[in-house]
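Colleague:
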Amino acid sequence: MGSFCLPSTFSSCIRSSAATNSMAMAAFLSHHPKILPQPFLSTTFRFISLSTSTKPPRKLFQVRSVATPAEGIAGFESMISGTERKYYLLGGKGGVGKTSSAAALAVKFANSGHPTLVVSTDPAHSLSDSFAQDLTGGTLVPVEGPDSPLFALEINPEKAREEFRTTAQKNGGTGVKDFMDGMGLGMLVDQLGELKLGELLDTPPPGLDEAIAIAKVIQFLESPEYNMFTRIVFDTAPTGHTLRLLSLPDFLDASIGKILKLRQKIASATSAIKSVFGQEEKRLDAADKLERLRERMVKVRELFRDKESTEFVIVTIPTVMAVNESSRLHASLKKESVPVKRLIVNQILPPSASDCKFCAMKRKDQLRALDLIRNDPELSSLLVIEAPLVDVEIRGVPALKFLGDIIWK
Numbered sequence: 001m002g003s004f005c006l007p008s009t010f011s012s013c014i015r016s017s018a019a020t021n022s023m024a025m026a027a028f029l030s031h032h033p034k035i036l037p038q039p040f041l042s043t044t045f046r047f048i049s050l051s052t053s054t055k056p057p058r059k060l061f062q063v064r065s066v067a068t069p070a071e072g073i074a075g076f077e078s079m080i081s082g083t084e085r086k087y088y089l090l091g092g093k094g095g096v097g098k099t100s101s102a103a104a105l106a107v108k109f110a111n112s113g114h115p116t117l118v119v120s121t122d123p124a125h126s127l128s129d130s131f132a133q134d135l136t137g138g139t140l141v142p143v144e145g146p147d148s149p150l151f152a153l154e155i156n157p158e159k160a161r162e163e164f165r166t167t168a169q170k171n172g173g174t175g176v177k178d179f180m181d182g183m184g185l186g187m188l189v190d191q192l193g194e195l196k197l198g199e200l201l202d203t204p205p206p207g208l209d210e211a212i213a214i215a216k217v218i219q220f221l222e223s224p225e226y227n228m229f230t231r232i233v234f235d236t237a238p239t240g241h242t243l244r245l246l247s248l249p250d251f252l253d254a255s256i257g258k259i260l261k262l263r264q265k266i267a268s269a270t271s272a273i274k275s276v277f278g279q280e281e282k283r284l285d286a287a288d289k290l291e292r293l294r295e296r297m298v299k300v301r302e303l304f305r306d307k308e309s310t311e312f313v314i315v316t317i318p319t320v321m322a323v324n325e326s327s328r329l330h331a332s333l334k335k336e337s338v339p340v341k342r343l344i345v346n347q348i349l350p351p352s353a354s355d356c357k358f359c360a361m362k363r364k365d366q367l368r369a370l371d372l373i374r375n376d377p378e379l380s381s382l383l384v385i386e387a388p389l390v391d392v393e394i395r396g397v398p399a400l401k402f403l404g405d406i407i408w409k
């Protein structure tokens, strides 16, 4: 049984069975007559009500939108047009609602007829929490509820990196170095060691984990069994990792290129003793893995820059700090030729109808941030989607459908 607890002013904790969620019916009710007492916002609420039976409703799942749905149109019709595969990457500052927005978009795509895959490359594994399902196994997990197939996947970057590290250790251990020393070729091995591939994998620069995760997803999508998906949604790590990710392919291209060249020198110098050495096949396997990693990094970069199939959606909240960070993110994305069209602003408050000073001040701060967006040279050209604050955690497919219907219009 999943439970949904509303604020104490409603004095109720409503439980909804997962078995009956598929039978649930969503309906927006008209304005609720209750006015919340202080210190809560005194305003009109809108409801989504999912009844678990045809009898007089005793068990309801209710999400109350503190703010009225945004007036802005997200242009969702253009996002679902066509059957060719498209990628949507959602990113921004930590804690602004990227995962909820990405999960809601995936549910909306699936309910619009697109077989959809939503992938999280964030080590925090928030996607499992959003769907109220365990998605941490590194394999595709079907999500129950949407009209079309929806699968979710949480990539564990550390596990993917560990697989590569294990291979590198097997093929570059002390046994190889000792043998090469005996043949008078220890200097070449020392030079290879100075490139510090092991340290690159043990203490990776920000963005490497995410790059490996996205590269692994690309590896999945190259398989025939993944051809069914026409919409792929990425829930990315916070801004800093995303910015590093943009320049990472060039870094790895240069670093791995040097390693592969040195590998070739070692292979050439030891060609006369391959049969005695007995390790050549494994060494080439390690070199092949390096080369495949480099190639996938290049594909990640090409995917990010493909204006026909990819869009990066920036997610933020109405604070000056978050808006400034979003502006820098868009500038960096534009510099790397990554297409950006939309900006989601979550947690928008409505005008307060009471004398709540805290509410009025919070609203004033938000208006200042929204005005900053309208006048920012980086953000003013984007389609701004204002998403309301809700008074309950968005968790599970019914709640994500509710949020998706608000944001993606």
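For what it's worth, UniProt numbering labels the leading residue of the sequence shown as 1, then goes sequentially. All residues carry an ideal CB built from backbone N, CA and C; glycine is no exception.
Quickly, what does DSSP pair residue 344 with across the bridge? List them, please.
Modeller: 315 and 385
Colleague: Give the single residue among 132, 93, 123 and 144 whose Cα lies nearest to the Cα of residue 138.
Modeller: 123
Colleague: Between residue 112 and residue 291, what straight-line distance do the alpha-carbon atoms span, to the nearest angstrom?
Modeller: In a straight line, the C-alpha of residue 112 is about 39 angstroms away from that of residue 291.
Colleague: Using the C-alpha atoms, what's the distance from residue 115 back to residue 109?
Modeller: 8 angstroms
Colleague: Output needed for residue 407: all residues of its chain with C-beta closer than 7 angstroms, excluding positions within five of it in sequence on either side, in chain order.
Modeller: 74, 101, 104, 344, 385 and 387
Colleague: Touching or not, the stretch 75-89 and the stretch 301-317, by the rule of three or more beta carbon pairs under 8 angstroms?
Modeller: A contact is defined here as three or more CB-CB pairs under 8 angstroms, and the stretch 75-89 meets this definition with respect to the stretch 301-317.
Colleague: With a 10 Å radius around its C-beta and 16 neighbouring C-beta atoms as the bar for buried, classify residue 374 as buried or exposed.
Modeller: Under this definition residue 374 is an exposed residue.
Colleague: Identify every residue that forms a DSSP beta bridge with residue 86.
Modeller: 231
Colleague: Please report the straight-line C-alpha distance between residue 143 and residue 302, rounded to a whole angstrom.
Modeller: Between residue 143 and residue 302, the C-alpha separation is close to 29 angstroms.
Colleague: What's the gap between the Cα of residue 126 and the Cα of residue 393?
Modeller: CA-CA distance, residue 126 to residue 393, rounds to 13 angstroms.
Colleague: Give the DSSP bridge partners of residue 152, in chain order.
Modeller: 118 and 141
Colleague: Could you tell me the distance, in whole angstroms, from the CA atom of residue 78 to the CA atom of residue 379?
Modeller: Each residue's alpha carbon lies about 21 angstroms from the other.
Colleague: Residue 81 lies in the alpha helix (DSSP H); which residues open and close that run?
Modeller: Neither: residue 81 is in no alpha helix (DSSP H) and is coded neither H nor E.
Colleague: Using alpha carbons as the reference points, say which of 338, 147 and 327 lies closest to residue 88.
Modeller: 338
Colleague: Can you tell me which of 320, 370 and 131 puts its alpha carbon nearest to the alpha carbon of residue 401?
Modeller: The shortest Cα separation from residue 401 among 320, 370 and 131 belongs to 131.
Colleague: The alpha helix (DSSP H) that contains residue 417, what's its start and end?
Modeller: As displayed, the chain neither begins before 1 nor continues past 409, which places residue 417 out of reach and without an answer.
Colleague: Let me know the secondary structure DSSP gives residue 91 once reduced to three states.
Modeller: strand
Colleague: State the CB to CB distance for the pair residue 153 and residue 119, rounded to an integer number of angstroms; the pair is presumed to be in contact (CB under 8 angstroms).
Modeller: With a Cβ gap of about 5 angstroms, residue 153 and residue 119 count as contacting.
Colleague: Cβ atoms of residue 314 and residue 332: under 8 angstroms apart, would you say?
Modeller: no
Colleague: With DSSP as the reference, label residue 390 as helix, strand or coil.
Modeller: strand
Colleague: Any idea if residue 95 is buried or exposed, counting beta-carbon neighbours within 10 angstroms, 16 or more meaning buried?
Modeller: exposed
Colleague: Report buried or exposed for residue 353, applying the criterion of at least 16 other Cβ atoms within 10 angstroms of its Cβ.
Modeller: exposed
Colleague: For residue 320, count neighbouring Cβ atoms within 10 angstroms of its own Cβ and tell me buried if that reaches 16, exposed if not.
Modeller: Result: exposed.
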